[in-house]
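Chemist: Pasting a structure below so you can have a look.
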Amino acid sequence: MAAVLGGEEAVEIEFNIEPGDGRTPQEVFATLQQQLADPFSTLRRSEFGQYCTQAVLYSEDAAQELSQPSKIPIAAPKPALPQSDVPAKEILELQEKHRQEIQRLEMLLRERENISTHAKEMWLAESSRAAKLGESLERAEKKINELEKNLSQLSIMYNEASQELRQLKHIFGNNNSRGSEFGGGGAGAPGGSSSPGGYARSIGAGSVPASQQLKGWLPASPSRNPNLVASPSARLALDTSVGSLGRTMFDDAVLYEDDLMQIGIKSRYRDLDGELALFFGNKSAKISFHNFQTEYAIKEDTLLRLSMTTAPAMIEAGTQHSQRVTATCVGPYLEAPILRLSFLLSDNSPRRIQVRLPLSIDKFLDPLELSAMDFFGVWRDHDYTVNEECAVVDIAAKFQESSSLAPLAKAVCLGDVLKLLPGVDSNPDNLVLAAKFSSDTVLNLLVCRVEIGSGAFRGKARVACRSNNSKLSKAVCTLLQNKIAAQNANDPGK
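Numbering-wise (this note's numbering), the sequence shown opens with residue -19 and increments by one.
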């Protein structure tokens, strides 16, 4: 029996099978063939295992043994396979290289895993940072939008202030070129969204101005005309308590004086109440006034109520007596009351004096600050248009001779009860004013415009007053005419 191992340089091993272990040669031959075929057999795993992959086992007596029927047939020998030409040393070196390559690949794999883990951590960190940056960016965009909105509002306010400043400079500046042609019904220039400041006021010693900003009393403007507000004739929710709208005015004046008699007045007004002290002085050193009587004539006694103390029956020479009068205004009225005096001189000759009290409706008005939109909204409202009172009056010489509009502007404020609104009208020669008459049950608004004429109308002024109360607009229009013309409002004939 022989075995051939290897390839071209084959190793042939011959061996004999000796009897003695109880197995036949055919059984031993079959066992060897099974071990050569089985890669996990003892023979294949021995030091000769690497040479057994191409080993061929054959028996010289195979033909003879197979011919015997009592024997186990032995497989015919297979043709020899090509034997490996790689020496065992090179195979070991190749195996070591493969092992080292596997280790290198495993190390690279671990490095890749570490890099992947680190990249994932960095991605999570960057994602969190990106989310925070996104939130910061969103906050910054909101802040930018707010700043842009504030900038837009500041721009509007700046334009309004610039327009107001231009008119104030025009009012207090040179007056040689002022004036404008009277045009139309005085609708005025289109009002923007300006919110002009007030005219600088100086009520005087003892005066307490009250500034009550009017909020929410005019609805929003219709979209068809942004300069026209809805009718303000609806009831307005305003606080009319003393201290919130109240302001106190003091007036000291000499109403009448001749060679015998001097009549003076001291008055104080707060809200809709007034207190007057009338002083009657006898300037004569020898003549006394007998049967002294006072009478107060009021055409609209339901709108203006007066109560007074008893006047003295006699005023001796060189003395002065007083009479206190309390006035309560119920609603707008047209004419101020008239004081009539009658007394007898020492020779029983009668004397009569008649003078109008400075108790006009303006004593019970409060200044009202309006934006251009609100002013022209009220100005164009139907309830106010139908009650318009207007007149053209000659401007007094003292105003024409002035180098600026300031004296005239101060005069038409009627002692600061009408609020001058510079910058509301685009024409700086137009003086725009506003006031309100408020009680517990009613609120009457008043808007006025004084246009200074030029050219053919130089030296004249057009006065227009509108209110939701016809008496209020008419009374104030008359007062403005007297102020512009510098007429004596205390003249009973006026």
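Virtual Cβ for every residue (Gly too), placed ideally from N, Cα, C.
Only a predicted model underlies this, so the values are computations on that prediction, with no experimental measurement involved.
When you compare the CB positions of residue 306 and residue 294, do they come within less than 9 Å of one another, or not?
Modeler: No, the Cβ-Cβ distance between residue 306 and residue 294 is not below 9 Å.
Chemist: Verify the contact flag: residue 398, CB atom, against every heavy atom of the ligand GTP, threshold strictly below 8 Å.
Modeler: Looking for the ligand GTP in the displayed structure turns up nothing, as the structure carries no ligands at all.
Chemist: If distances are taken between C-alpha atoms only, which option among 284, 298, 393 comes closest to residue 260?
Modeler: Checking every option, the nearest Cα to that of residue 260 belongs to 298.
Chemist: Quick one: measure Cβ to Cβ for residue 432 and residue 441, integer angstroms, because I've assumed they're closer than 8 Å.
Modeler: Confirmed, Cβ separation roughly 6 Å.
Chemist: For residue 457 and residue 426, what's the separation of their Cα atoms in angstroms?
Modeler: Answer to the nearest angstrom: the Cα atoms are 10 Å apart.
Chemist: Identify whether residue -5 lies in helix, strand or coil by the three-state DSSP scheme.
Modeler: Residue -5 falls in the coil class under three-state DSSP.
Chemist: How do the region 272 to 282 and the region 309 to 329 stand: do at least 3 beta-carbon pairs fall below 8 Å, yes or no?
Modeler: These segments touch.
Chemist: For residue 107, is the classification buried or exposed, using 16 other Cβ atoms within 10 angstroms of its Cβ as the cut-off for buried?
Modeler: That one is exposed.
Chemist: Which residue wins for smallest C-alpha separation from residue 315, given the options 291, 290, 13, 343?
Modeler: Comparing Cα-Cα distances from residue 315 to each of 291, 290, 13, 343, the minimum goes to 343.
Chemist: Among residues of its own chain, excluding the 5 on either side of residue 463, which ones have a beta-carbon nearer than 7 Å to its beta-carbon?
Modeler: Around residue 463: 391, 392, 394.
Chemist: Give the straight-line distance between the Cα atoms of residue 72 and residue -5, rounded to the nearest whole angstrom.
Modeler: Spanning the two alpha carbons is a distance of roughly 30 Å.
Chemist: What does a CB cutoff of less than 7 Å around residue 43 pick up in its chain, not counting 5 residues either side in sequence?
Modeler: Residue confidence for residue 43 is low, a pLDDT of 44 falling below 50, so the modelled location carries little weight; the figure read from the coordinates is stated next. Nothing meets the Cβ criterion.
Chemist: Using a Cβ-Cβ cutoff of less than 8 Å, which residues in the same chain neighbour residue 338 once the five nearest sequence positions on both sides are dropped?
Modeler: Hits under 8 Å: 231, 233, 235, 245, 247, 316, 469, 470.
Chemist: Along the chain, where does the alpha helix (DSSP H) containing residue 353 start, and where does it finish?
Modeler: Counting along the chain, the alpha helix (DSSP H) containing residue 353 begins and ends at 352 to 359.
Chemist: Going by CA-CA distance only, name the one from 348, 258, 408 that's closest to residue 291.
Modeler: Selected option, being the one with the closest Cα: 258.
Chemist: Check the DSSP bridge columns for residue 427 and list the partner residues they point to.
Modeler: Note: residue 427 sits in a beta bridge opposite 414, 446.
Chemist: For the putative contact between residue 414 and residue 401, defined by C-beta atoms under 8 Å, what is the C-beta separation to the nearest angstrom?
Modeler: Contact flag correct, Cβ pair sits at about 6 Å.
Chemist: Does residue 475 come out as helix, strand or coil in the three-state DSSP assignment?
Modeler: What is shown of the chain runs -19 to 474, which leaves residue 475 out entirely.
Chemist: In terms of DSSP beta bridges, what is residue 331 paired with?
Modeler: Bridge partners of residue 331: 323.
Chemist: Between which two residues does the alpha helix (DSSP H) containing residue 363 stretch?
Modeler: Residues 362 to 365.
Chemist: In the structure shown, what three-state DSSP assignment does residue 396 receive?
Modeler: In the structure shown, residue 396 sits in coil (DSSP, three-state: anything other than H, G, I, E or B).
Chemist: What separation, rounded to the nearest whole angstrom, lies between the Cα atoms of residue 24 and residue 11?
Modeler: C-alpha separation (whole angstroms): 13 Å.
Chemist: Need the endpoints of the beta strand (DSSP E) that residue 20 sits in, please.
Modeler: Per DSSP, residue 20 belongs to no beta strand (DSSP E) and is neither H nor E.
Chemist: My assumption, with CB atoms under 8 Å, is that residue 143 sits in contact with residue 403. Please give the rounded CB distance.
Modeler: The pair is a contact, with the Cβ atoms about 4 Å apart (cut-off 8 Å).
Chemist: Just list the alpha helix (DSSP H) runs in the region 226 to 272, keeping only unbroken ones of 4 residues or longer that don't cross its boundaries, in chain order.
Modeler: Within the region 226 to 272, no complete alpha helix (DSSP H) run reaches 4 residues.
Chemist: Looking at the structure shown, is residue 385 part of a helix, part of a strand, or coil, going by DSSP?
Modeler: The answer is coil: DSSP assigns residue 385 none of H, G, I, E or B.
Chemist: Assign residue 103 to one of three DSSP states: helix, strand, or coil.
Modeler: The answer is helix: DSSP assigns residue 103 an H, G or I state.
Chemist: Any idea which residues DSSP pairs residue 288 with across the strands?
Modeler: Answer is 305, bridged to residue 288.
Chemist: Identify whether residue 342 lies in helix, strand or coil by the three-state DSSP scheme.
Modeler: If DSSP states are grouped into helix, strand and coil, residue 342 belongs with the helices.
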